[in-house]
Amino acid sequence: MIRSILYATDLGLYAPYVLQHALAMARSFKARLHVVHVVEPMGLFAESVLQTYVDEVRLKELRSTGLETVMNNIEMRVLEGFRDELGDNREDLELIGSVSVLRGDPPISILEETQKLGVDLLVVGSHSHGAALEVPMGRTAARLLQLCDVPVYLVPMLQHRSRHE
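Residues 126 to 290 (the numbering used here) make up the sequence shown, in order.
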């Protein structure tokens, strides 16, 4: 029995397409839909650029309050995106139980969220929006398929369909 679903989104070009799959599953099973987006930590290059142009006090301030502001803005963007995508469909909006924006390694953070929420199904796209056509599956999707304790509903991206048509 599927009572709760986690939809992991990269907020990319194909996110609305994957969202439609997640919502269809939630409707079919009358399940609660949880949404997660994971922001990867700043890379060494970005960190070194910041250190070059920003003093240590301002850098500490950016790391604490600035990052929190960015995370809150991303969460608001996700919610607004759902409202735009779903329009006046209150029933679909009511299926959404939670929206989380986390920092960390995407596959690990998504796996932790599946355990924390105790979901019965994970919905994820096969690639991020920037993946090359010849790559059969993105890094995050591959890791989730390998490590996830719950069934994974993998949505193939549209860009890869045109190659065979």
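Note that the Cβ used here is the ideal one computed from N, Cα and C, for glycine as well.
Here Val248 carries a strand assignment [DSSP, helix/strand/coil]. Secondary structure at Leu136: coil, using DSSP grouped into helix, strand and coil. For Leu220, the enclosing alpha helix (DSSP H) starts and ends at 215-220.
One Cα belongs to Val277, the other to Ser225, and the distance between them is close to 19 Å.
His146 and Arg202 have their C-alpha atoms spaced approximately 20 Å apart. In the DSSP assignment, Ile130 forms a beta bridge with Leu158, Leu246.
For Val280, the enclosing beta strand (DSSP E) covers residues 277-280. The beta carbons of Met150 and Leu246 sit closer together than 8 Å.
In this structure, Leu220 lies near Arg157, with their beta-carbon atoms less than 8 Å apart.
One thing to note: Ile130 has its Cβ within 8 Å of the Cβ of His159. Annotation for Thr265: Pro231, Pro232 place their beta carbon closer than 6 Å to its own, counting only its chain and skipping 5 residues before and after. DSSP, read as helix, strand or coil, puts Val163 in strand. Spanning the alpha carbons of Arg128 and Glu181 requires a straight line of approximately 48 Å. It is roughly 15 Å from the alpha-carbon of Glu238 to the alpha-carbon of Glu165. Gly250 sits buried, since 16 or more C-beta atoms from the chains shown fall within 10 Å of its C-beta. For Leu148, the number of other beta carbons within 10 angstroms of its own is at least 16, and it is reported as buried. Here Val143 carries a helix assignment [DSSP, helix/strand/coil].
For the pair Gly137 and Ser253, the CB atoms are nearer than the 8 Å cut-off.
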